[in-house]
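> Would you mind keeping the following structure in view while I ask a few things?
Numbering (UniProt numbering), first residue to last: 1 to 169.
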């Protein structure tokens with residue numbers, strides 16, 4: 001039986017369907033058919049602009065973001081696909097907080113839908129810190145179909161793991 005560590009919270013019947021796709025070596029084909037293209041947001045500067053456009057569209061009143069970048073140190077093993085941080089420093093006798101969003105580098109080669117899902121997820125943390133009902137409602141508001149994309153992203157991560165980390169499909 002295939003261990004599906006990225007999909008553990010899903011119902012057994014759904015996991016059986018995924019195992020069936022894996023057993024028939026069709027998971028990669030399913031993903032390639034559903035998400036055939038790759039996005040063009042390749043630099044940190046482009047990722048910052050992309051993130052700020054989404055923020056402006058959906059979260060105008062949320063706190064500002066000082067830095068957005070791809071981070072090759074974020075590890076899927078530790079379940080960090082994206083990261084939002086607030087770095088506080090003393091500056092001229094005042095405490096300054098800088099907000100950062102880091103996106104795992106593996107998303108440079110992913111479908112545009114997956115990149116958007118990760119960015120929306122991290123942006124939602126500007127308003128809702130916990131993964132609660134309000135958080136997921138905000139994600140769904142910013143990106144209709146968010147839950148399906150999160151599931152498909154988990155399928156993509158499972159497929160990558162089965163391929164030994166390669167993403168050529």
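For each residue, glycine too, the CB sits at the ideal point set by N, CA and C.
All of these numbers come straight from a predicted model, not from anything done at the bench.
Where DSSP assigns a beta bridge to residue 70, which residues make up the other side?
As a position in the chain shown, residue 70 is number 70, starting the count at 1. Residue 70 is bridged to 103.
> Please look up how many angstroms separate the CB atoms of residue 44 and residue 69, rounded, as I've assumed it's under 8 Å.
Stepping through the chain shown from its first residue, residue 44 is reached at position 44. Stepping through the chain shown from its first residue, residue 69 is reached at position 69. Right, their Cβ atoms sit about 4 Å apart.
> Give the DSSP-derived three-state secondary structure of residue 127 in the structure shown.
Here residue 127 refers to the residue found at position 127 when the chain shown is read from its first residue. Here residue 127 sits in coil by DSSP.
> Taking 9 Å as the cut-off, decide whether the C-beta atoms of residue 62 and residue 127 are in contact.
Counted from its first residue, the chain shown places residue 62 at position 62. Counted from its first residue, the chain shown places residue 127 at position 127. Yes.
> Between which two residues does the alpha helix (DSSP H) carrying residue 24 extend?
Numbered from 1 along the chain shown, position 24 holds the residue referred to as residue 24. Per DSSP, residue 24 belongs to no alpha helix (DSSP H) and is neither H nor E.
> Ends of the alpha helix (DSSP H) at residue 137?
Numbered from its first residue, the chain shown carries residue 137 at position 137. Element bounds for residue 137: 133-142.
> Using a Cβ-Cβ cut-off of 7 Å (strictly less than) and excluding sequence neighbours within five positions of residue 48, which residues of its own chain qualify?
Taking the first residue of the chain shown as position 1, residue 48 is located at position 48. Excluding residues within five positions, the ones whose Cβ falls inside 7 Å are 68.
> Anyone know if the C-beta pair for residue 117 and residue 155 falls short of 9 Å?
Locating residue 117 in the chain shown gives position 117, counting from the first residue. Locating residue 155 in the chain shown gives position 155, counting from the first residue. Cβ atoms of residue 117 and residue 155: not closer than 9 Å.
> Please report the distance separating the alpha-carbon of residue 77 from that of residue 140.
By 1-based counting over the chain shown, the position of residue 77 is 77. By 1-based counting over the chain shown, the position of residue 140 is 140. Confidence at residue 77 is low in this model, with a pLDDT of 48, below 50, so its placement is unreliable and the value that follows should be read with caution. If I take the Cα positions, the gap works out to 26 Å.
> Let's test the definition: count the other Cβ atoms within 10 Å of the Cβ of residue 121 and tell me whether it reaches 16, buried, or not, exposed.
For the purposes of this step, residue 121 is identified with residue 121 of the chain shown, where counting begins at 1. Per the 10 Å Cβ criterion, buried.
> At the level of alpha carbons, what is the spacing between residue 161 and residue 133?
To locate residue 161, count along the chain shown from 1; it is residue 161. To locate residue 133, count along the chain shown from 1; it is residue 133. Each residue's Cα considered, the two are about 30 Å apart.
> Exposed or buried, what is residue 137 when buried is set at 16 or more other beta-carbons lying within 10 Å of its beta-carbon?
Working through the chain shown from its first residue, we reach residue 137 at position 137. For residue 137, the number of other beta carbons within 10 angstroms of its own is below 16, and it is reported as exposed.
> Alpha carbon to alpha carbon, how far is residue 33 from residue 20?
Residue numbering aside, residue 33 sits at position 33 when the chain shown is read from its first letter. Residue numbering aside, residue 20 sits at position 20 when the chain shown is read from its first letter. Computed Cα separation, rounded: 17 Å.
> On the CB-based measure, 16 or more other CB atoms within 10 Å of its CB, does residue 130 come out buried or exposed?
Taking the first residue of the chain shown as position 1, residue 130 is located at position 130. By the neighbour-count rule (16 or more Cβ atoms within 10 Å), residue 130 is not buried but exposed.
> For my contact list, residue 71 and residue 105 are in at a C-beta cut-off of 8 Å; report their separation, rounded to the angstrom.
Position 71 of the chain shown holds residue 71. Position 105 of the chain shown holds residue 105. Residue 71 to residue 105, Cβ: 6 Å. Contact.
> Taking Cβ to Cβ, would you say residue 26 is nearer than 9 Å to residue 110?
Working through the chain shown from its first residue, we reach residue 26 at position 26. Working through the chain shown from its first residue, we reach residue 110 at position 110. Contact: no.
> Please identify the residue among 150, 164, 22 whose C-alpha is closest to the C-alpha of residue 113.
Locating residue 113 in the chain shown gives position 113, counting from the first residue. Ranked by how close their Cα comes to the Cα of residue 113, the residues 150, 164, 22 have 150 in first place.
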